[in-house]
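Undergrad:
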């Protein structure tokens, strides 16, 4: 992206425009380029750019196929900056407590870039970077008011930028100046990093996953669903302990909170409500099995083995209840 002033030295507005471009360069901080073209010294080049009248301020966007945008407002750096920012491609995703898990699970092979800020608007620097690294890095913006996420990543100062990959779940913190060249150099190290896709992990069964076909009629895998009365690190840890045992079996692991999905769990009438439990749903057969006993490692593995072997009794679901609601409504 570039703003360029094509001028002739005798233009009466030239001095004013030049002063404002100096201010704009400082404001842009390398996020986009600011330049000038003397159409007396570079007459042929101005003709190549179809500039016949001066002065002329043009914004060249990130899309090289787009025609440049003529600047027609008062010559003020703030107005020029606003034009540039409004035409930036923006692939930043706003992340909050409700969407954090979905964000981290989307594009599972892409490194996540998290930017924490107190500002109300999306920063131009991150807009540009999210566009330039699109398809390589997945950018999320988190407001300072999202205290649970802020605390999770131990963010103490704002702004803060960190990268989350396979080995650094708490994030690798960027410690330099927030200028495009510096931040881009930091991110470039992760551009071609592909995260290991975890075939077995315990994910929250969300509306997004459900609508994408997970545990739907076309899903040929078994759906292990841990039903929790409330968030439980102990229960989640127990299930995570068995994941490697089943990494080559056709089964995906999910959890839901019963209070968020009261309608959904009614599809499984044999499930005993009021306590943590496990069901395994066979989407293509529309049948399910219910684990007996407490959520303990031995009980879970015996239950999963029996379902995989086909020796566990199964029941038909109640179809009218079979839908995951938006957990964050």
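Numbering (the numbering used here), first residue to last: 297 to 625.
For each residue, glycine too, the CB sits at the ideal point set by N, CA and C.
The structure displayed is predicted, hence computed values, not measured ones.
#1: Going by C-alpha distance, which of 303, 523, 381 and 411 is nearest residue 346?
#2: Among residues of its own chain, excluding the 5 on either side of residue 388, which ones have a beta-carbon nearer than 6 Å to its beta-carbon?
#3: Looking at C-alpha atoms only, which residue of 479, 517 and 577 is the closest neighbour of residue 457?
#4: Which runs of the beta strand (DSSP E) fall wholly inside the stretch 560-585 and span at least 3 residues, in chain order?
#5: If you measure between the beta carbons of residue 596 and residue 584, is that distance less than 8 Å?
#6: Ordered along the chain, which non-local residues of its own chain (more than five positions away) have a Cβ less than 7 Å from that of residue 609?
#7: If you measure between the beta carbons of residue 531 and residue 522, is that distance less than 8 Å?
#8: Suppose contacts are defined by Cβ-Cβ distances below 8 Å. Is residue 328 in contact with residue 380 by that definition?
#9: May I have a chain-ordered list of the beta strand (DSSP E) segments no shorter than 3 residues that lie completely inside the stretch 361-392?
#10: Less than 7 Å between C-beta atoms, sequence neighbours within five positions excluded: which residues of the same chain meet that for residue 398?
#11: Pick out whichever of 470, 432 and 395 has its Cα sitting closest to the Cα of residue 439.
#12: In terms of residues, what are the limits of the alpha helix (DSSP H) holding residue 498?
#13: Using DSSP's beta-bridge definition, name the partner residues of residue 439.
#14: Please classify residue 431 as buried or exposed, where buried requires at least 16 other C-beta atoms within 10 Å of its C-beta.
#15: For residue 343 and residue 301, I'd like the C-alpha separation in whole angstroms.
#16: Could you say which of 339, 489 and 512 lies nearest to residue 578 if we only look at CA atoms?
#17: Measure the alpha-carbon distance for residue 615 versus residue 442 and round it to whole angstroms.
#18: Can you tell me the Cβ-Cβ gap for residue 617 and residue 569, rounded? I've got them flagged as a contact below 8 Å.
#19: With DSSP as the reference, identify every bridge partner of residue 302, one or two as the case may be.
#20: With a CB to CB cut of under 7 Å and the five nearest residues on each side skipped, what residues in its chain are close to residue 470?
#21: Return the CA-CA distance between residue 486 and residue 433, expressed in angstroms with no decimal places.
#22: Quick one: grab the DSSP three-state call for residue 342.
#23: Assign residue 571 to buried or exposed, taking buried as 16 or more other Cβ atoms, counted over all protein chains shown, within 10 Å of its Cβ.
#24: Applying the criterion that 16 or more other CB atoms from any shown protein chain within 10 Å of the CB defines a buried residue, is residue 552 buried or exposed?
#25: Looking only at its own chain, which residues have a Cβ that is under 8 Å from the Cβ of residue 334, when we skip the five neighbours before and after it?
#26: Let me know the secondary structure DSSP gives residue 310 once reduced to three states.
#27: Round the Cβ separation of residue 354 and residue 366 to the nearest angstrom and send it over; I've been treating them as touching at under 8 Å.
#28: Kindly indicate which three-state DSSP category residue 315 falls into: helix, strand or coil?
#29: Who are the Cβ neighbours of residue 506 in its own chain at under 6 Å, not counting the five residues just before and after it?
#30: Checking contacts by CB at 8 Å: is residue 607 closer than that to chain D?
#31: Give the straight-line distance between the Cα atoms of residue 376 and residue 348, rounded to the nearest whole angstrom.
TA: From the atom records:
#1: Checking every option, the nearest Cα to that of residue 346 belongs to 303.
#2: If the five residues before and after residue 388 are omitted, its C-beta is found closer than 6 Å to the C-beta atoms of 418, 422, 426, 435 and 437, all from its own chain and listed in chain order.
#3: Closest option to residue 457, Cα to Cα, is 479.
#4: Qualifying beta strand (DSSP E) stretches, in chain order: 573-578.
#5: No Cβ-Cβ contact shorter than 8 Å links residue 596 with residue 584.
#6: The residues are 585.
#7: Their beta carbons are under 8 Å apart, which means residue 531 touches residue 522 by this criterion.
#8: Yes.
#9: Here no run is fully enclosed.
#10: Residues of the same chain with a CB within less than 7 Å of the CB of residue 398, apart from the 5 flanking positions on each side, are 502 and 504 in chain order.
#11: Closest by alpha carbon: 395.
#12: Run containing residue 498: none in the alpha helix (DSSP H); it sits in the beta strand (DSSP E), 498-500.
#13: In the DSSP assignment, residue 439 forms a beta bridge with 413.
#14: Burial call: exposed.
#15: Here the alpha carbons of residue 301 and residue 343 stand approximately 14 Å from one another.
#16: For residue 578, the closest C-alpha among the options 339, 489 and 512 is that of 512.
#17: Their Cα atoms are separated by approximately 37 Å.
#18: No, residue 617 and residue 569 are not in contact; Cβ-Cβ is about 13 Å, not under 8 Å.
#19: Residue 302 pairs with 333 and 352.
#20: So the list reads 457, 458, 479 and 482, once near-sequence residues are dropped.
#21: Cα to Cα, residue 486 sits roughly 8 Å from residue 433.
#22: DSSP, read as helix, strand or coil, puts residue 342 in helix.
#23: Residue 571 is exposed by the Cβ-count criterion.
#24: Burial state of residue 552 is buried, judged by a 10 Å Cβ sphere holding 16 or more other Cβ atoms.
#25: Cβ neighbours of residue 334 within its own chain (closer than 8 Å, five residues either side excluded): 303, 304 and 305.
#26: Under the three-state reduction of DSSP, residue 310 is assigned to helix.
#27: Separation of the CB atoms of residue 354 and residue 366 is rounded to 6 Å, and the pair is thereby assigned contact status at 8 Å.
#28: Of the three classes helix, strand and coil, the one that applies to residue 315 here is helix, per DSSP.
#29: 620.
#30: Absent from the structure is chain D; it holds one protein chain and no more.
#31: C-alpha separation (whole angstroms): 21 Å.
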